[in-house]
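Protein sequences, first through last, are from chains A and B. Read in order, the letters of the first sequence correspond to residues 0 to 183 in numbering that gives the first Met the number 0. Read in order, the letters of the second sequence correspond to residues 0 to 275 in numbering that gives the first Met the number 0. Have a look at the structure below before the remarks.
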Amino acid sequence: MQNQPIKNIPEEELVARLRAQDASAMSVLYDMYSPALFGVVLQIVKEEETAEDVLQEAFVKIWGSFQSYDAAKGRLFTWMINVCRNLAIDKIRSKQYRVNQKTREIPASPRALYGAVGFKPEHIGVREVTETLSPEQKQIIDLMYFEGMTQSEIAEEYNIPLGTVKTRARSAIKALGKLFKGRA
Amino acid sequence: MHNEDYIASGVLELYAAGALDAAERMEVERMAAESPEVRAALLDACEVMEQYAMLHAAQPNPALKDKVMARIQQGQRVSTEEGPEAWALYPEPEEQGSGPYKWMFAASIVLFLLSGFMSLRFYQNWQDAETRLAQALASEQQLAQTYQTAAYSLDQQEQMLRVLRDESYQPVRLQGVEAHPEAKVLVYWNPEEEKVYIDAVQLPAPPAGKQYQLWALLDGKPIDAGLISLERGQETAMQQMKGIKNAQAFAVTLEPVGGSANPTLEQLYVMGEVKS
C-alpha cells in the first residue's frame with residue numbers, strides 16, 4: 000500500500016471501510032489528511048518532534064475510536080481535526096503546566112516559521128488570509144484554533160467582552176469563507 | 000430561538016473554531032440535527048476552518064506513516080473519551096491491553112514455582128547436611144575410641160618393652176605338667192625391686208567359678224603371688240603380680256574365684272624353677 004499513489008476516494012467509502020476496520024483505508028486516510036492534521040498539530044505544539052508524537056497518537060486514536068464518529072453530525076475532517084487538536088492541546092497544557100509562567104509572556108509568534116510549509120497551488124496563501132483578516136480577527140481565530148482557548152477564556156485573558164469574541168470569530172470565519180469560496 | 004438568530008449568534012463559528020466546551024458542542028449538534036438550515040451553516044463554517052487548517056499543512060516525516068501503520072496493524076488502541084461504547088461492538092483480540100498483566104501473571108506463577116522448587120531443593124540439601132554431620136560425629140567418636148585403645152595398647156607395649164630390656168628382670172619359663180602339656184606361662188621377676196610380671200599366658204579357659212593363681216615357692220612353701228586375669232583383649236599385655244622377694248620356683252594352680260590361701264596341688268597346671 001506504500002507504493003500506491005495518493006488517491007482521494009469518496010468520503011463515504013472511506014468512512015465505510017474504516018468502520019469495517021479495514022487497515023488499508025487507514026493508509027489512504029493518512030496520505031490524504033496527514034499534512035493538514037500535522038500542520039495544525041505543529042501550530043499548536045510548535046515542536047516538530049512533539050507534533051509527530053501527537054499525530055501518531057491521533058491516528059491510532061482515530062483508528063481505535065472510529066466507531067464513535069457520526070457522519071450525520073459533521074464532516075470527517077472536522078472530527079479528525081478535533082481529535083488532533085484535543086491531543087495536542089492536552090500535550091501543551093500538561094507541558095505548559097510546568098513552565099507556564101515563563102512562556103506566558105511570549106506572544107504566539109513561533110508559528111510564523113511553519114506558516115507556508117505545506118503550501119499548495121490550489122490553496123490560498125497565508126499572506127492573502129492575513130490581508131483579508133484584521134489582526135484582531137486573526138488573533139481570535141488562532142487563539143481558539145491553535146491555543147485551544149474557549150471563548151470565555153479569551154474574553155477573560157484579553158479583557159475583551161464575550162460578545163466581541165463571538166462577533167470577531169463570526170466575522171473572521173465569514174471573511175475566510177468569502178476568500179475561500181471566491182477562489183474555489 | 001429562531002434559526003436565523005441562532006445562526007447569527009456566532010455560536011456555529013465558535014464551534015467550527017473549536018472554542019466551545021463539551022456541553023455547548025452537544026447543543027450545537029442537537030440544533031444542527033433538528034434544522035437543515037443550521038446544519039448547512041455549521042458545515043459551511045467547519046469547511047472554512049478546514050481550509051484554514053489546510054493553509055498550515057506540513058508534511059510530516061515519511062517514517063511516521065510506517066510507525067502509525069505498524070501500530071494500527073498491531074491493533075494497538077488507545078482508549079478514548081469519544082467512544083468507549085464502541086469497544087463492545089468490536090471486541091479486541093485477546094493479546095492486547097491485558098498483555099502486560101498476562102505477562103506479569105505468568106511471571107508470578109513462574110516465580111512461585113521456582114521458589115517452591117528452590118525451597119524443596121534447599122530442604123533436601125539441609126537434610127543431607129544433617130545426615131552427613133551425624134555420620135561425621137559418629138565416625139569422630141569411633142576414631143577417638145580407636146585412638147584411646149591404641150594409646151592404651153602402646154602404654155602396655157612400652158611397659159613390656161621396658162621389662163624386656165631391663166637386665167635385672169629374670170625370665171622364668173613355666174612348663175605344663177603331665178596333665179596339661181600344652182599350657183605355658185612366662186614370668187619376669189625382678190628380685191631386687193620385688194616385681195613380678197607374667198606374659199605369654201597359654202592356659203585353657205577356666206571353668207565357671209574358677210580362677211588361676213600364681214604361687215612363688217620358697218623352700219617348699221607356697222607364697223601367694225596374685226590372681227591371673229584372663230580378660231579378653233589383654234592377651235598381649237603383661238600382667239603385674241604381687242611383689243616377691245625370694246623364690247626358687249613359680250607355679251600356677253586353678254583355684255576358686257578370689258583365690259586360696261594354699262594351692263590346690265591337684266589342680267597344678269604349670270611350673271618352672273628359677274635358674275640361679
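For each residue, glycine too, the CB sits at the ideal point set by N, CA and C.
- Rounded to the nearest whole angstrom, the CA to CA distance from Ala87 (chain A) to Leu142 (chain A) is 14 Å.
- With respect to the C-alpha of Asp223 (chain B), the residue from B:Leu229, B:Leu267, B:Gln155, B:Gly258 having the closest C-alpha is B:Gly258.
- For Ala40 (chain B), no beta strand (DSSP E) encloses it; the enclosing alpha helix (DSSP H) starts and ends at 35-54.
- For the pair Gly9 (chain B) and Met48 (chain B), the Cα-to-Cα distance works out to about 14 Å.
- DSSP places Arg74 (chain A) outside any beta strand (DSSP E), giving it a letter other than H or E.
- For the segment 4-38 of chain A, residues whose beta-carbon sits nearer than 9 Å to a beta-carbon of chain B comprise Gln20, Ala22, Met25, Ser26, Tyr29, Asp30, Ser33, Pro34, Ala35, Leu36, Phe37, Gly38.
- Going by beta carbons, Leu54 (chain A) and Pro59 (chain B) fall inside the 9 Å limit.
- If you ignore the 5 residues before and after Tyr196 (chain B), its C-beta comes within less than 6 Å of the C-beta of Val162, Tyr187, Met237, Gln239, all in its own chain and listed in chain order.
- By the rule that beta-carbons nearer than 9 Å mark a contact, Asn158 (chain A) does not touch chain B.
- In the structure shown, the three-state DSSP call for Pro59 (chain B) is coil.
- Going by DSSP, Pro34 (chain A) is part of the alpha helix (DSSP H) stretching over 22-44.
- Listed along chain A are Ala35, Arg74, Phe76, Thr77, Ile80, each with a C-beta nearer than 8 Å to that of Glu49 (chain B).
- Excluding the 5 residues flanking it on each side, Val273 (chain B) has same chain C-beta neighbours closer than 8 Å at Gln169, Val171, Trp188, Ala246, Gln247, Ala248, Phe249, in chain order.
- Across the set A:Phe37, A:Leu175, A:Lys173, A:Gly176, the C-alpha of A:Phe37 shows the shortest separation from the C-alpha of Phe58 (chain A).
- Tyr146 (chain B) counts as exposed, since fewer than 16 other beta carbons sit within 10 angstroms of its beta carbon.
- Taking the Cα of Ile172 (chain A) as reference, the smallest distance to any Cα among B:Ala18, B:Leu216, B:Ala44 is reached at B:Ala44.
- No residue range can be given for Phe65 (chain A), since it is assigned to no alpha helix (DSSP H) and is classified by DSSP as neither H nor E.
- Contact annotation for Glu28 (chain B) against chain A: Lys72 [CB-CB distance below 7 Å, chain order].
- Interface flag for Met103 (chain B) against chain A is unset, since no Cβ pair is found closer than 9 Å.
- With respect to chain B, the C-beta atom of Lys90 (chain A) has no partner C-beta closer than 9 Å.
- Beyond the five residues adjoining it in sequence on each side, Leu13 (chain B) comes within less than 7 Å, by CB distance, of Leu19 in the same chain, given in chain order.
- Each residue's CA atom was taken as its position, placing Tyr122 (chain B) and Phe111 (chain B) some 16 Å apart.
- Rounded to the nearest angstrom, the gap between the Cα atoms of Asp21 (chain A) and Ala15 (chain B) is 29 Å.
- Non-local beta-carbon contacts of Pro262 (chain B) in its own chain, meaning distances under 8 Å to residues more than five positions away in sequence, involve Gln212, Trp214, Pro221, Ala250, Thr252, Glu254 in chain order.
- Gly258 (chain B) sits in coil when the DSSP states are folded into three classes, being neither helix nor strand.
- Unbroken alpha helix (DSSP H) stretches of 4 residues or longer found wholly inside the segment 128-203 of chain B: none.
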